[in-house]
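A.B. asks: Letter by letter, the sequence shown follows residues -4 to 124 of my numbering. Each residue gets a CB set at the ideal place from its N, CA and C atoms; glycine is no exception. One structure, as structure tokens, below. Some questions next.
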Amino acid sequence: MPIEHWRTKAYLIDALIEDRTKSVVRKSIAHSQHEDMLWSVWEIPNPEGEPRRKIVCHLLGTFRFTESDDLVMDFPGNPDQNCRWGYKLLYEADHPPYYNCPIDFLDLAPEVNAPWRRAVRSYYARGGK
-4 MPIEHWRTKA YLIDALIEDR TKSVVRKSIA HSQHEDMLWS VWEIPNPEGE PRRKIVCHLL
56 GTFRFTESDD LVMDFPGNPD QNCRWGYKLL YEADHPPYYN CPIDFLDLAP EVNAPWRRAV
116 RSYYARGGK
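In structure tokens, the structure reads:
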């Protein structure tokens, strides 16, 4: 299976926001970048009714291939010109271990992980720490 990759972080973020990836058919209705993390609310078509919405987290980083063609991810981004940008996708249901999702995103998608949302609210109640 080919690996999607981009030359720069800016191109990657643009592709994720504008749905120019091969992974999922969806539309980003809200997004926010924090360092090497991109939070989005996706609207996914549903042929049987209203579109579904999901909160997703993209962990952005660089990767390179070793001489033996092994893939090595470098988090945070490696400035090496031979590296390419890629991402790891985490859904709210996966309980991402990050809680800096913009709090207003919680109102844009149905809850699928109550403990994670409590942790996000707690993060902001403590002043974002």
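Suppose the cutoff is 8 Å on Cβ atoms and the five residues either side in sequence are ignored; what does the same chain contact list for arginine 48 look like?
C.D. replies: Your numbering for residue 48 matches position 53 in the sequence shown. Here the set comprises Ile24, Val36, Trp37, Glu38, Ile39, Leu103, Ala104, Pro105.
A.B. asks: Are tryptophan 80 and lysine 22 touching if we call contact CB-CB under 8 Å?
C.D. replies: In the sequence shown, residue 80 corresponds to position 85, counting from 1. In the sequence shown, residue 22 corresponds to position 27, counting from 1. No. Outside cutoff.
A.B. asks: Could you please give the first and the last residue of the uninterrupted beta strand (DSSP E) stretch that includes arginine 79?
C.D. replies: Walking along the sequence shown from the start, residue 79 turns up at place 84. Element bounds for arginine 79: 79 to 86.
A.B. asks: Excluding the 5 residues preceding and the 5 following tyrosine 119 in the sequence, name in chain order all residues of the same chain whose CB lies nearer than 6 Å to its CB.
C.D. replies: Here residue 119 refers to the residue found at position 124 when the sequence shown is read from its first residue. Only Ile98 meet the Cβ criterion.
A.B. asks: Please report the residue range of the alpha helix (DSSP H) in which lysine 4 lies.
C.D. replies: The count along the sequence shown starts at 1 and reaches residue 4 at position 9. Note, lysine 4: alpha helix (DSSP H), 4 to 12.
A.B. asks: Residues in the same chain with beta-carbon distance under 7 Å from tyrosine 86, minus the five sequence neighbours each way, listed in chain order, please.
C.D. replies: Residue numbering aside, residue 86 sits at position 91 when the sequence shown is read from its first letter. Lys49, Val51.
A.B. asks: Based on Cα-Cα distance, which residue from Leu84, Pro42, Arg113 lies nearest to aspartate 31?
C.D. replies: Numbered from 1 along the sequence shown, position 36 holds the residue referred to as residue 31. Here the closest residue by C-alpha is Leu84.
A.B. asks: For valine 115, report the span of its alpha helix (DSSP H) as first-last.
C.D. replies: Taking the first residue of the sequence shown as 1, we reach residue 115 at position 120. Segment 109 to 120, the alpha helix (DSSP H) holding valine 115.
A.B. asks: Return the residue from the list Ala109, Asp89, His29, Glu43 that minimises the CA-CA distance to asparagine 95.
C.D. replies: Taking the sequence shown and counting its residues from 1, the one referred to as residue 95 is at position 100. Looking at the Cα atoms, His29 is the closest of the given residues.
A.B. asks: Relative to the C-alpha of asparagine 41, which candidate in Pro91, Phe100, Val20, Ala88 has its C-alpha closest?
C.D. replies: If you number the sequence shown from 1, residue 41 lands on position 46. Looking at the Cα atoms, Val20 is the closest of the given residues.
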